[in-house]
Every structure is written in structure tokens, then in C-alpha cells.
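**Q**
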Amino acid sequence: MQLIAEDLVIDRGARRVIEGLSFAVRQGEALVLTGANGIGKTTLLRTLAGFIQPFRGSIKLDGGDPELSVAEQAHAVGHANAVKASLTVFENATFWNSYLETGGQSSARIQAALQHFGLEDLAEFPAAYLSAGQKRRLGLARLLVAHRPLWLLDEPTASLDAASSERLVAAINAHTGKGGMAVVATHLPLALDRARTLDLSALKVAA
């Protein structure tokens with residue numbers, strides 16, 4: 009399985025942000041997007057996630073489910089944590105599991121996700137009272153509550169301390185180690201296994 013993007017042309021409003029970009033992410037690999045603010049990292053990720061339609065070009069998951077779009081086979085974590093303040097930590101994770109997992113609710117998967125991100129002791133805590141870092145970890149926990157072969161992560165370490173960032177890196181490495189794929193936009197160096205870098209600045213896409 010691999011993610012293949014060919015000759016992408018992406019506009020943001022009336023401005024062309026990315027032109028003629030082609031790349032592939034192979035099974036078991038992470039692609040790290042780098043470049044200055046405004047260079048197009050978020051725009052590219054949102055396009056891969058199906059939130060923006062490219063002006064030209066194609067995106068496909070070769071070897072994926074032909075009946076599903078790329079977006080339907082991906083987890084997309086952006087700047088917003090997608091945490092419902094009115095629910096507890098456990099209820100938030102349960103919601104994402106029920107929404108994303110076609111095989112039915114899995115309490116074991118939910119518990120494992122909360123434990124991985126150090127939230128098991130806060131399971132019954134209202135999400136409204138979580139710190140920024142705790143909310144970010146809860147938002148990231150949805151990566152583990154349901155399987156998707158492709159992870160699209162935009163500055164995932166935002167609001168995370170060093171220990172929490174290590175938990176995230178461990179999750180990404182475990183995912184790619186099992187044959188998953190990840191595309192990660194980050195300003196910080198991450199100790200990712202099997203990773204390549206795509207510097208959008210070097211490709212001279214428009215700011």
C-alpha cells in the first residue's frame with residue numbers, strides 16, 4: 009500500500025499555494041513536511057484529508073480499499089483537538105471509537121488509547137477542565153481508538169511537553185512499524201523511524 013500524489017496544484021483563495029507537486033509515501037513510512045509558516049504544509053494536509061479539492065492532480069491510496077476515499081482511510085489531526093467539552097475523557101474516546109470503528113465499539117481499544125497517552129486516571133474527568141496539553145493528548149488518542157492506515161498530522165506536538173511528545177512519537181513509530189503510513193507537518197525534530205523529509209521551501213511553492 010502507498011499514498012501517491014501526482015502533479016498537485018492547490019489554490020488557497022485566489023492564491024496558488026502549491027504547483028506541480030508529486031510524491032509517494034510507502035507502507036511503513038513517515039513523511040515529514042517542513043518549511044516556513046505559510047509555505048503550504050497545512051494546505052497540503054487538508055487537501056490529502058479531503059477538506060480542500062486540488063485545482064489539478066490526483067491523490068490515491070494504492071492498495072487501499074477501492075470503495076473508500078483516501079480521506080475515509082485516514083486519521084486527520086489538525087490544530088483543533090476535536091474534544092467535546094461537555095463529555096468526560098472516556099466519553100470523548102468512546103464517541104470517536106463509535107464514530108470511526110466499523111467493527112463496533114471496543115472498550116479494550118479505548119482503554120489502550122487512553123493509557124498510551126497517559127489519560128487513564130482522568131477517564132471520568134470532564135474534558136472542559138483539562139489543561140491544553142491534556143486536551144491535545146485526548147485529541148491524539150483518537151488515532152488509536154480506530155484503525156486507519158494513513159495518519160495526517162498537522163503540528164501534532166503543539167501544547168505537548170517532552171514526555172507527551174515521546175508518547176506521540178512512540179505511537180507513530182508503532183503505526184509505521186505495523187505497515188501504516190504517516191504524513192506529519194512539524195517545526196520540531198521528531199525521532200521517527202523510517203522517515204523521509206519533504207521540504208516545501210526547497211520546492212519553491214508559493215508562500
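The sequence shown lines up with residues 9 to 215 when you count with our numbering.
Yeah, the Cβ is synthetic: ideal placement off N, Cα and C, and Gly gets one too.
#1: Where does Ser-94 sit, in a helix, a strand or coil, going by DSSP?
#2: Using the Cα positions of Lys-143 and Tyr-107, report the straight-line distance between them to the nearest angstrom.
#3: For a minimum of 4 consecutive residues, which ranges assigned as the alpha helix (DSSP H) are wholly contained in the region 135-191?
#4: From Ser-77, Ala-93, Gly-86 and Gly-187, pick the residue whose C-alpha is nearest to that of Ser-167; which is it?
#5: Along the chain, where does the beta strand (DSSP E) containing Leu-29 start, and where does it finish?
#6: Do Leu-53 and Val-78 have their beta-carbon atoms positioned less than 8 angstroms apart in this structure?
#7: For the alpha helix (DSSP H) that Thr-55 lies in, which residues bound it at each end?
#8: Can you give me the start and stop residues for the alpha helix (DSSP H) that Ala-121 sits inside?
#9: Have a look at Thr-194 and Leu-69 and give me their C-alpha separation to the nearest angstrom.
#10: Ser-106 by DSSP, collapsed to three states: which one?
#11: What do you get for Leu-16, buried or exposed, if any count of 16 or more other CB atoms within 10 angstroms of its CB means buried?
#12: Using the Cα positions of Glu-75 and Leu-160, report the straight-line distance between them to the nearest angstrom.
#13: Given a cut-off of 8 angstroms on the beta-carbon distance, is the pair Ala-93 and Ala-136 in contact?
#14: Just checking my contact of Leu-200 with Ala-82 at CB under 8 angstroms: how many whole Å lie between their CB atoms?
#15: Checking the sheet assignment: what are the DSSP bridge partners for Gln-10?
#16: Taking only three categories from DSSP, how would you classify Asp-1?
#17: Report all residues from its chain with a CB closer than 6 angstroms to the CB of Ile-12; omit the five preceding and five following residues, and keep chain order.
#18: Could you please give the first and the last residue of the uninterrupted beta strand (DSSP E) stretch that includes Ala-82?
#19: Return helix, strand or coil for Ala-131, following the three-state DSSP convention.
#20: Whole angstroms is fine: what's the gap from Leu-9's alpha carbon to Phe-98's?
#21: Is it buried or exposed for Val-174, if we count other Cβ within 10 angstroms and need 16 for buried?
#22: Output the distance between the C-alpha atoms of Ser-66 and Ile-26, rounded to the nearest integer angstrom.
**A** In brief:
#1: As a working mapping, residue 94 is identified with position 86 in the sequence shown. Coil, per DSSP.
#2: To locate residue 143, count along the sequence shown from 1; it is residue 135. To locate residue 107, count along the sequence shown from 1; it is residue 99. Computed Cα separation, rounded: 19 angstroms.
#3: Secondary structure within the region 135-191: the alpha helix (DSSP H) runs of 4 or more consecutive residues, fully enclosed, are 140-153 and 170-185 (chain order).
#4: Residue mapping note: residue 167 aligns to position 159 of the sequence shown, counting from 1. Measuring from the Cα of Ser-167, the nearest candidate turns out to be Gly-86.
#5: For the purposes of this step, residue 29 is taken as the residue at position 21 of the sequence shown. It spans 23-34 - the beta strand (DSSP E) in which Leu-29 sits, taken as one unbroken run.
#6: Position 70 of the sequence shown, counted from the first residue, corresponds to residue 78. Position 45 of the sequence shown, counted from the first residue, corresponds to residue 53. At the C-beta level, Val-78 and Leu-53 stay beyond 8 angstroms of one another.
#7: Residue mapping note: residue 55 aligns to position 47 of the sequence shown, counting from 1. Counted as a single uninterrupted DSSP element, the alpha helix (DSSP H) harbouring Thr-55 occupies residues 49-56.
#8: Translated into the one-based positions of the sequence shown, residue 121 becomes position 113. Unbroken alpha helix (DSSP H) run through Ala-121: 115-124.
#9: Counting from 1 along the sequence shown, the entry for residue 194 is found at position 186. Counting from 1 along the sequence shown, the entry for residue 69 is found at position 61. Approximately 23 angstroms between the Cα atoms of the pair.
#10: Against the sequence shown, residue 106 aligns to sequence position 98. Three-state DSSP puts Ser-106 in a helix.
#11: One-based indexing of the sequence shown puts residue 16 at position 8. Burial call: buried.
#12: Counting from one through the sequence shown, the residue named residue 75 turns up at place 67. Counting from one through the sequence shown, the residue named residue 160 turns up at place 152. Between Glu-75 and Leu-160, the alpha-carbon positions lie close to 20 angstroms from each other.
#13: As a position in the sequence shown, residue 93 is number 85, starting the count at 1. As a position in the sequence shown, residue 136 is number 128, starting the count at 1. Taking 8 angstroms as the cut-off, the beta carbon of Ala-93 is found closer than this to the beta carbon of Ala-136.
#14: Within the sequence shown, residue 200 is the residue found at index 192, counting from 1. Within the sequence shown, residue 82 is the residue found at index 74, counting from 1. Not really, about 18 angstroms apart at Cβ, beyond 8 angstroms.
#15: If you number the sequence shown from 1, residue 10 lands on position 2. Under DSSP, Gln-10 shares a beta bridge with Arg-34 and Asp-70.
#16: Nothing about residue 1 can be reported from this structure: the residues present for the chain run from 9 to 215 only.
#17: As a position in the sequence shown, residue 12 is number 4, starting the count at 1. The residues are Ala-32, Lys-68 and Asp-70.
#18: Taking the sequence shown and counting its residues from 1, the one referred to as residue 82 is at position 74. Ala-82 -> beta strand (DSSP E) spans 82-85.
#19: As a position in the sequence shown, residue 131 is number 123, starting the count at 1. Ala-131: coil per DSSP, three-state reduction.
#20: As a position in the sequence shown, residue 9 is number 1, starting the count at 1. As a position in the sequence shown, residue 98 is number 90, starting the count at 1. Strictly speaking, residue 9 in this sequence is Met, with Leu absent from that position. Our two residues, Met-9 and Phe-98, have alpha carbons roughly 33 angstroms apart in a direct line.
#21: Working through the sequence shown from its first residue, we reach residue 174 at position 166. Sequence check: residue 174 is Glu here, not Val. Glu-174 sits exposed, since fewer than 16 C-beta atoms from the chains shown fall within 10 Å of its C-beta.
#22: Here residue 66 refers to the residue found at position 58 when the sequence shown is read from its first residue. Here residue 26 refers to the residue found at position 18 when the sequence shown is read from its first residue. For Ser-66 and Ile-26, the distance between alpha carbons rounds to 13 angstroms.
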